[in-house]
Amino acid sequence: MSTASVYLDHNASSPLRPAALDAMVEALRSGGNPSSVHRMGRAARARIDAARRQVAALVGALPAEIVFTSGGTEANNLALAGAGRRRVLVSAVEHDSVLKAVPDAEIIPVDRDGVVDLAALERSLAASEEAALVSVMFANNETGALQPIGEIVRLARAAGALVHCDAVQGAGRAPIEMHGLGVDYLSLSAHKLGGPAGVGALAVRAGAPLSTDRRGGGQESSRRAGTENVAGIAGFGVAAKEAYGGLAIDGWRAGLEGALLNIAPDARIFGAGAPRLDNTTCISMPGVRAETQVMALDLSGICVSAGAACSSGKVTRSATLTAMGVDAAVADTALRISLGWNSAQQDIERLIAAWRELYIRVGRSDMSRARAA
Ligand code: PLP
-1 MSTASVYLDH
9 NASSPLRPAA
19 LDAMVEALRS
29 GGNPSSVHRM
39 GRAARARIDA
49 ARRQVAALVG
59 ALPAEIVFTS
69 GGTEANNLAL
79 AGAGRRRVLV
89 SAVEHDSVLK
99 AVPDAEIIPV
109 DRDGVVDLAA
119 LERSLAASEE
129 AALVSVMFAN
139 NETGALQPIG
149 EIVRLARAAG
159 ALVHCDAVQG
169 AGRAPIEMHG
179 LGVDYLSLSA
189 HKLGGPAGVG
199 ALAVRAGAPL
209 STDRRGGGQE
219 SSRRAGTENV
229 AGIAGFGVAA
239 KEAYGGLAID
249 GWRAGLEGAL
259 LNIAPDARIF
269 GAGAPRLDNT
279 TCISMPGVRA
289 ETQVMALDLS
299 GICVSAGAAC
309 SSGKVTRSAT
319 LTAMGVDAAV
329 ADTALRISLG
339 WNSAQQDIER
349 LIAAWRELYI
359 RVGRSDMSRA
369 RAA
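Residues in the sequence shown are numbered from -1 upward in steps of one, following this note's numbering.
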């Protein structure tokens, strides 16, 4: 058996693409402050300008609409505070960097597949005259479920609301056209698409309001003070360029899910009734807690996640699955498998074999113990 690790946790972080690493090393070697007027400064500025064009192209934005940040978390915080709307409506399945940024936001419920309840959104928008900001993610980090952003924008516009979309998990995995969608703000993160962690961007529609309480220099057209992370931004740009075509994993998810359901017909795939990202499967292994699965699969050399790994090392019950009405005991057995740019068919085969072995060893024996008790 091969001892090489199988990495199927791209929704936590995608490995750095070699071309992004090369661009980063080159930028680090070259140095220079992009605000300096001399040749070194101009070279650093040129790297940022190139990356700005590459990131803008990924989501159909104009280069001038891209504000580089320290990641998706900062992009979300910047949009939610910077739009200047006191009334904020967010879906129940948003990432913590949205939910915790606006603790008094009005929560829009989701259905059993994790898709925003449009009628509830419409009712909430109509409940007050006060102009709102609506924040709904493009794709969910745990289930991959896609939200009907076009419909959400239509309802929001009719009520005079601005729209923010956290597209951290969608960018590079599904086609995204910021202006086609009609959103005002779009958050991105480099490390979900093969760039470095600690870099991201907020795309701000030309003309949309954006204030910031961050004090300092006039970088990013006075929208984000602080000397730019040139190497990180250069790596982000190259990763965005490579991610433009999406992932070459057509049909893989169906094969994976079919095989897992064949092994455990009573397993449940979360969000299965919704359109989903091709790279994400969130599945229960009946009777086996997620942390047991993660540890056992790790011993087999397979890296996957239980719930949202990006927010904490410890396993807490998934708020997304809870919002979808999933029973606590079932939610605790949910495993997230997420593919990415360097995934191969044999990775899936190794996962299926290890999952089968674990299910037979632990799952069935747990269930027979439960029956005997
Ligand atoms: N939004 C979503 C949907 C995410 O999945 C994540 C990270 O997992 C973030 C935002 C935060 O991005 P970053 O890690 O770049 O701060």
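Cβ coordinates follow ideal geometry from the N, Cα and C atoms, glycine included.
Item to check | Terminal residues of the beta strand (DSSP E) in which H177 lies | outcome: H177 -> not in any beta strand (DSSP E); alpha helix (DSSP H) instead, spanning 176 to 179.
Item to check | Whole-angstrom distance between M176 and A54, CA atom to CA atom | outcome: Those two C-alpha atoms are separated by around 9 angstroms.
Item to check | Nearest-angstrom Cα separation, counted from A48 out to T279 | outcome: If I take the Cα positions, the gap works out to 34 angstroms.
Checklist entry - Should N138 be labelled buried (16 or more other beta-carbon atoms within 10 Å of its own) or exposed? => result Looking at its Cβ environment, which holds 16 or more other Cβ atoms inside 10 Å, N138 is buried.
Next on the checklist: Between which two residues does the alpha helix (DSSP H) holding A201 run?
Outcome noted: Where A201 is concerned, there is no enclosing alpha helix (DSSP H), although the beta strand (DSSP E) it sits in stretches over 198 to 202.
Checklist entry - Which runs of the beta strand (DSSP E) spanning at least 3 residues fall entirely within the segment 131 to 217, listed in chain order? => result Secondary structure within the segment 131 to 217: the beta strand (DSSP E) runs of 3 or more consecutive residues, fully enclosed, are 160 to 164, 183 to 187, 198 to 202 (chain order).
Item to check | With 16 other Cβ atoms within 10 Å as the buried cut-off, status of A2 | outcome: Around the beta carbon of A2, fewer than 16 other beta carbons sit within 10 angstroms, so the residue counts as exposed.
Checklist entry - Is I267 helix, strand or coil when you go by DSSP? => result It is a strand residue.
Item to check | the segment 129 to 147 in contact with the segment 158 to 176 per 3-pair CB rule at 8 angstroms | outcome: Taking a cut-off of 8 angstroms on C-beta distances, the segment 129 to 147 touches the segment 158 to 176, as three or more cross pairs fall below it.
Checklist entry - Ends of the alpha helix (DSSP H) at I46? => result Taken as a continuous stretch (DSSP letters only), the alpha helix (DSSP H) holding I46 covers 37 to 56.
Next on the checklist: In the DSSP assignment, the beta strand (DSSP E) including I247 goes from what residue to what residue?
Outcome noted: Neither: I247 is in no beta strand (DSSP E) and is coded neither H nor E.
Item to check | Cutoff 8 angstroms; reference G253; Cβ partners in own chain excluding five residues on either side | outcome: I346, listed in sequence order.
Item to check | Exposed unless 16 or more other CB atoms sit within 10 angstroms - verdict on A307 | outcome: Confidence is the limiting factor: at A307 the pLDDT is only 46, short of 50, which leaves the residue's position unreliable and the question unanswerable from this model.
Next on the checklist: Using 8 angstroms for Cβ pairs, my map puts M293 next to A262. What's the rounded Cβ distance?
Outcome noted: The pair is not a contact, with the Cβ atoms about 19 angstroms apart (cut-off 8 angstroms).
Checklist entry - Pick from G224, A204, L76, I150: whose alpha carbon is nearest that of A59? => result That would be A204, whose Cα lies nearest to the Cα of A59.
Checklist entry - Taking the alpha-carbon positions, what's the A332 to Q291 distance? => result Pairing A332 with Q291, the inter-Cα distance amounts to about 9 angstroms.
Next on the checklist: On the criterion of 16 or more Cβ atoms from any shown chain inside 10 Å, does T141 qualify as buried, or is it exposed?
Outcome noted: Buried, because 16 or more other Cβ atoms sit within 10 Å of the Cβ of T141.
Next on the checklist: I'd like to know whether the C-beta atoms of N74 and V88 end up nearer to each other than 8 angstroms.
Outcome noted: No, the pair does not count as a contact, with Cβ atoms beyond the cut-off.
Next on the checklist: Considering only their Cβ atoms, is the gap separating A172 from F234 smaller than 8 angstroms?
Outcome noted: F234 places its beta carbon 8 angstroms or farther from that of A172.
Checklist entry - For the candidate residues V302, E104, S68, E72, whose alpha-carbon lies nearest to that of R85? => result When only C-alpha atoms are compared, the closest one is E104.
Item to check | Burial state of P101 (16 or more Cβ within 10 Å) | outcome: Classification for P101: exposed.
Checklist entry - What did DSSP end up calling L19 once you bin it into helix, strand or coil? => result Three-state DSSP puts L19 in a helix.
Checklist entry - In its own chain, which residues sit with a C-beta less than 6 angstroms from the C-beta of S309, not counting the 5 before and 5 after it? => result Below a pLDDT of 50, predicted positions are generally treated as unreliable, and S309, at 47, falls in that range; the measurement from the model is reported next regardless. D94, listed in sequence order.
Checklist entry - So which of S34, R334, L144 has the shortest CA-CA distance to N391? => result The requested residue 391 is not part of the displayed model; the chain covers only -1 to 371.
Checklist entry - What span of residues does the alpha helix (DSSP H) with V292 cover, start to end? => result It spans 288 to 297 - the alpha helix (DSSP H) in which V292 sits, taken as one unbroken run.
Next on the checklist: When you measure from the CB of G69 to every non-hydrogen atom of the ligand PLP, does any distance come out below 7 angstroms?
Outcome noted: Taking the Cβ of G69 as the reference point, at least one heavy atom of the ligand PLP falls within a distance shorter than 7 angstroms.
Item to check | T314 - containing beta strand (DSSP E), residue span | outcome: DSSP places T314 outside any beta strand (DSSP E), giving it a letter other than H or E.
Checklist entry - Of all the options A232, I231, G230, R213, which has the alpha carbon lying nearest to the alpha carbon of G224? => result Of the listed residues, the one whose Cα sits closest to G224 is R213.
Checklist entry - Tell me the DSSP bridge mates of L87? => result L87 pairs with E104, V132.
Item to check | Burial state of G230, where buried means 16 or more other Cβ atoms lie within 10 Å | outcome: Result: buried.
Checklist entry - In this structure, what does DSSP give as the bridge partners for F378? => result For residue 378 there is no data in the structure shown, the boundaries of the chain being -1 and 371.
Checklist entry - CB of M322 to nearest heavy atom of the ligand PLP: below 7 angstroms? => result No heavy atom of the ligand PLP is found nearer than 7 angstroms to the CB of M322.
Checklist entry - Is the closest heavy atom of the ligand PLP to the C-beta of S95 under 7 angstroms? => result Result yes, Cβ under 7 angstroms from the ligand PLP.
Next on the checklist: Are there any heavy atoms of the ligand PLP lying less than 7 angstroms away from the beta-carbon of S187, as far as the coordinates show?
Outcome noted: Flag set: Cβ of S187 near the ligand PLP.
Checklist entry - Taking contact to mean at least 3 C-beta pairs separated by less than 8 angstroms, is the segment 61 to 80 in contact with the segment 196 to 211? => result For the pair of segments examined, the segment 61 to 80 was found to touch the segment 196 to 211: the number of CB pairs separated by less than 8 angstroms reaches three.
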